[in-house]
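Here the structure comes first, spelled out in structure tokens, and everything after it is commentary.
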Amino acid sequence: MAVEISTQQLLLGNEAVALGALHAGVRVATGYPGTPSTEVIEYLAEVAPKDVQVHWATNEKVAWDEGIGASLAGARTLVTMKHVGLNVAMDAFMTSPLLGVNGGIVLLCADDPGMHSSQNEQDTRYLGKFAGVPMFEPSDSQEIYDFVRAAFEVSEAFDTPCLVRTTTRVSHSRSRVLVQAPVAVKERTFERNPAKYVMLPAYARLGRVRLLDRLPALERWSDSHPFTREEMRSTAVGVVTSSIAYQHVREVLKDASVLKLGITHPLPAQRIRDFAGKVDRLFVVEETDPYLEEAILALGIAVEGKQYFPRAGELTPESVRHGFIAAGVLAAKEGTAQVSLPAPVVRPPVLCPGCPHVTPFLVLRELEAYVTGDIGCYTLGASEPLRAMDTCLSMGSSIGMAVGMWKAGLKQHPIVAAIGDSTFVHAGLSALVDAVWNNADITVVILDNGTTAMTGGQPTPEFGSNVRGTETPRVDIAAVCRAIGADPVVVVDPYDVGATHRTLLAATRSHGVSVVITSRPCVQAPKKLVGRRYSVETETCVGCQLCMNTGCPALVWDLEAEPYENRRRVRIDQDQCTGCTVCSQICPQSAIVPSSQG
Ligand SMILES: Cc1ncc(C[n+]2csc(CCOP(=O)(O)OP(=O)(O)O)c2C)c(N)n1
Numbered sequence: 017m018a019v020e021i022s023t024q025q026l027l028l029g030n031e032a033v034a035l036g037a038l039h040a041g042v043r044v045a046t047g048y049p050g051t052p053s054t055e056v057i058e059y060l061a062e063v064a065p066k067d068v069q070v071h072w073a074t075n076e077k078v079a080w081d082e083g084i085g086a087s088l089a090g091a092r093t094l095v096t097m098k099h100v101g102l103n104v105a106m107d108a109f110m111t112s113p114l115l116g117v118n119g120g121i122v123l124l125c126a127d128d129p130g131m132h133s134s135q136n137e138q139d140t141r142y143l144g145k146f147a148g149v150p151m152f153e154p155s156d157s158q159e160i161y162d163f164v165r166a167a168f169e170v171s172e173a174f175d176t177p178c179l180v181r182t183t184t185r186v187s188h189s190r191s192r193v194l195v196q197a198p199v200a201v202k203e204r205t206f207e208r209n210p211a212k213y214v215m216l217p218a219y220a221r222l223g224r225v226r227l228l229d230r231l232p233a234l235e236r237w238s239d240s241h242p243f244t245r246e247e248m249r250s251t252a253v254g255v256v257t258s259s260i261a262y263q264h265v266r267e268v269l270k271d272a273s274v275l276k277l278g279i280t281h282p283l284p285a286q287r288i289r290d291f292a293g294k295v296d297r298l299f300v301v302e303e304t305d306p307y308l309e310e311a312i313l314a315l316g317i318a319v320e321g322k323q324y325f326p327r328a329g330e331l332t333p334e335s336v337r338h339g340f341i342a343a344g345v346l347a348a349k350e351g352t353a354q355v356s357l358p359a360p361v362v363r364p365p366v367l368c369p370g371c372p373h374v375t376p377f378l379v380l381r382e383l384e385a386y387v388t389g390d391i392g393c394y395t396l397g398a399s400e401p402l403r404a405m406d407t408c409l410s411m412g413s414s415i416g417m418a419v420g421m422w423k424a425g426l427k428q429h430p431i432v433a434a435i436g437d438s439t440f441v442h443a444g445l446s447a448l449v450d451a452v453w454n455n456a457d458i459t460v461v462i463l464d465n466g467t468t469a470m471t472g473g474q475p476t477p478e479f480g481s482n483v484r485g486t487e488t489p490r491v492d493i494a495a496v497c498r499a500i501g502a503d504p505v506v507v508v509d510p511y512d513v514g515a516t517h518r519t520l521l522a523a524t525r526s527h528g529v530s531v532v533i534t535s536r537p538c539v540q541a542p543k544k545l546v547g548r549r550y551s552v553e554t555e556t557c558v559g560c561q562l563c564m565n566t567g568c569p570a571l572v573w574d575l576e577a578e579p580y581e582n583r584r585r586v587r588i589d590q591d592q593c594t595g596c597t598v599c600s601q602i603c604p605q606s607a608i609v610p611s612s613q614g
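The numbering of the sequence shown is my numbering, which starts it at 17 and goes up by one.
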């Protein structure tokens with residue numbers, strides 16, 4: 017082991033996933049970054065011995081395909097992604113239970129209720145049920161560790177992939193974990209079996225029957241498993257719950273009896289029936305959708321739930337308390353010993369000082385381009401003051417949407433797709449092929465900062481090294497675009513405002529699919545880059561505020577300087593300035609100059 021394993025550790029939920037997998041004998045782990053799942057692969061890369069293969073894939077479908085390949089070749093395998101990532105992997109994921117496994121395979125899928133860092137809110141439990149796989153829902157780091165270990169056993173015992181579904185608070189909370197000795201896993205190797213592993217319709221029909229036959233056996237297993245825990249207290253109120261909602265129920269309604277579910281597909285139907293028979297009023301408390309509630313109603317059991325508890329956003333102890341007050345279970349004043357603090361001032365996210373994504377958006381706004389955007393730090397190009405992005409749907413959608421707009425006949429302004437380098441490799445490549453093939457008249461701007469900045473700076477295929485820092489070949493994005501047939505393909509430095517302007521203007525005036533790659537490393541990766549700082553010459557500044565259009569947080573109002581004709585002058589916060597020079601290049605007065613202290 018690269019890191020010593022003690023018996024008790026304080027672990028982040030995502031670290032517990034990694035350690036649980038490691039102690040279950042995982043040999044291959046892959047995934048695509050996405051909050052709140054990202055730390056699993058990063059931690060595993062740190063603690064796993066070098067003979068455990070840990071790497072990032074280019075997208076979630078590729079990760080799942082690699083995972084299934086590794087499983088069939090005999091390795092216990094972990095694949096990680098966030099909820100929307102499972103949509104990307106869904107085609108392969110849906111068919112994989114028909115093939116079954118060789119080495120156990122576990123998918124860790126982390127949902128983001130409340131959309132702290134996501135384009136939508138989605139309850140993955142429906143997808144687990146849809147695919148017909150055993151699904152585990154842990155509520156703290158100990159359960160994550162135990163459930164992940166168990167999931168590998170279940171995967172092999174029932175010949176099916178397993179899903180461990182977490183949510184933000186479980187993935188990102190730290191709690192004590194008692195770790196067990198690693199298991200010794202039996203060696204397996206690939207055995208040819210086309211009738212099981214080749215999904216021709218004739219074989220797939222058999223696979224579908226195997227899947228359906230497996231479900232009753234899994235339900236019996238779920239009914240008898242200790243991961244379903246009945247905690248009997250007062251019989252006036254019984255609550256069926258799982259995941260983080262369990263913690264909130266225990267905090268808010270200490271006297272209630274609880275049926276705590278650890279396996280939420282297949283549901284332990286008999287245990288639910290038995291529990292319902294022991295309590296006067298039965299509630300379900302669950303985050304986001306009424307997944308458990310609908311299933312319990314379908315069993316013919318009367319249950320109360322979403323009429324009291326919110327469906328949108330994260331559950332909190334407060335929202336659970338309010339729900340029970342509305343249901344008449346708690347009196348309004350009960351359990352409200354909370355200190356009520358004023359709501360914090362909202363501070364919208366902004367691009368970092370020196371972010372190389374700023375200039376292309378300044379130029380695109382000036383060109384009045386229709387900009388179909390994509391997902392990454394640069395989505396902030398839609399916000400004030402840049403206001404240069406018109407749409408954003410899902411990862412990789414920008415190019416297809418630009419083609420669609422062009423097909424629909426939008427002509428007044430140039431149509432530009434803006435996409436980050438990681439997103440381009442994730443789902444933009446085939447869309448670029450489509451654009452060229454369909455003879456579209458669009459410009460694609462690849463905002464190439466050499467990293468996956470939004471999720472914390474994971475390496476991309478052009479980075480030159482992988483998650484463990486091992487050297488890898490670099491994928492040349494410009495060469496790929498040329499090979500696809502985009503023309504022209506121009507690389508420009510976004511810190512050079514004039515060159516970026518000229519390049520984008522020429523590209524949007526050309527016909528066909530043009531690509532402009534704005535190439536500059538992320539200012540934060542691998543560590544904060546700082547050049548010579550700049551400052552404003554107060555007497556030269558006329559308060560025109562043009563520099564403020566960059567949205568750079570280092571530019572602030574100079575409250576001490578005399579205003580110029582009633583306009584506030586600007587100052588540069590020296591602690592934040594990175595010396596990118598963009599504001600200096602656009603200042604019409606040439607008032608922004610290198611600081612004397614350097
Ligand atoms: C399907 C899906 N997978 C993963 C994510 C998480 N995520 C959001 S943006 C992003 C990539 C950002 O990298 P890049 O496109 O290079 O832009 P940057 O943030 O570096 O500017 C990822 C992985 C997501 N939102 N959707």
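Glycine included, every Cβ here is placed at the ideal spot set by N, Cα and C.
Under 9 angstroms between C-beta atoms of residue i and residue j
i      : j      : result
Phe86  : Met97  : Note that residue 86 is Ala in the sequence shown here, rather than Phe. No, the pair does not count as a contact, with Cβ atoms beyond the cut-off.
Pro579 : Gly595 : no
Ala272 : Gly293 : no
Glu302 : Ser240 : no
Glu320 : Lys276 : no
Thr566 : Leu313 : no
Asn1   : Gly90  : One cannot answer for residue 1 here, as it falls past the ends of the chain, which runs 17 to 614.
Leu402 : Leu521 : no
Lys212 : Leu357 : no
Leu234 : Leu179 : no
Thr388 : Cys408 : yes
Phe109 : Leu123 : yes
Ser187 : Gly47  : no
Leu26  : Arg190 : yes
Counted within 10 angstroms of its Cβ, other Cβ atoms place residue i as buried (16 or more) or exposed
i      : result
Arg192 : exposed
Gln323 : exposed
Ala18  : Only weak support exists for where Ala18 lies, its pLDDT of 47 falling under 50; the value from the coordinates is given anyway. Under this definition Ala18 is an exposed residue.
Gln474 : buried
Asn103 : buried
Phe479 : buried
Ala433 : buried
Ser238 : buried
Gly425 : exposed
Gly36  : buried
Arg181 : buried
Pro217 : exposed
Val300 : buried
Val199 : exposed
Ala328 : exposed
Thr439 : buried
His527 : exposed
Cys599 : buried
Gly614 : Legend: pLDDT at Gly614 = 49, less than 50; position of this residue unreliable, value from coordinates given subsequently. Exposed, since its Cβ has fewer than 16 Cβ neighbours within 10 Å.
When the options are compared against residue i, the one with the closest alpha-carbon
i      : options                        : result
Cys393 : Leu346, Leu380, Thr471         : Thr471
His338 : Thr280, Glu384, Leu275, His264 : His264
Asp509 : Thr488, Arg536, Asp503         : Arg536
Gln561 : Glu553, Cys603, Thr516         : Cys603
Glu310 : Pro333, Ala285, Asp296         : Ala285
Met411 : Trp422, Ile391, Ala398         : Ile391
Val149 : Gly130, Asn136, Val170         : Val170
Ala45  : Lys66, Val95, Ile84, Ala32     : Val95
Lys66  : Thr486, Leu231, His281, Ala342 : Thr486
Val507 : Ser446, Pro477, Asp437         : Asp437
Ser414 : Glu576, Val70, Gly444, Leu396  : Gly444
Asp450 : Pro569, Trp422, Ala570         : Trp422
Supposed close pair residue i, residue j - CB separation, criterion 8 angstroms
i      : j      : result
Ala456 : Val419 : 5 angstroms
Phe340 : Val268 : 6 angstroms
Pro372 : Tyr550 : The pair is not a contact, with the Cβ atoms about 16 angstroms apart (cut-off 8 angstroms).
Ala126 : Pro177 : The Cβ separation is near 17 angstroms, so there is no contact.
Ala40  : Val164 : 7 angstroms
Notebook entry, point to check: Residue ranges of each beta strand (DSSP E) run of no fewer than 3 residues wholly in the segment 157–240, ordered along the chain?
Noted result: 178–183, 190–194
Notebook entry, point to check: Taking only runs of the alpha helix (DSSP H) that begin and end inside the segment 472–516, which ones reach a length of at least 4 residues, in chain order?
Noted result: 493–500
Next item on the list: Mind listing, in chain order, the continuous beta strand (DSSP E) runs of no fewer than 3 residues lying wholly within the segment 241–282?
Entry: 245–247, 250–258, 272–277, 279–281
Margin query: Ignoring anything shorter than 4 residues, give me the alpha helix (DSSP H) runs that lie fully in the segment 413–461, in order along the chain.
Written below: 413–423, 445–453
Note to self: List, from N- to C-terminal side, the beta strand (DSSP E) runs of 3 residues or more that fit wholly inside the segment 24–109.
What the structure shows: Within the segment 24–109, the complete beta strand (DSSP E) runs of at least 3 residues are 24–28, 44–47, 69–72, 93–98.
Margin query: Give the list of continuous beta strand (DSSP E) stretches no shorter than 3 residues that lie fully inside the segment 292–357.
Written below: 297–301
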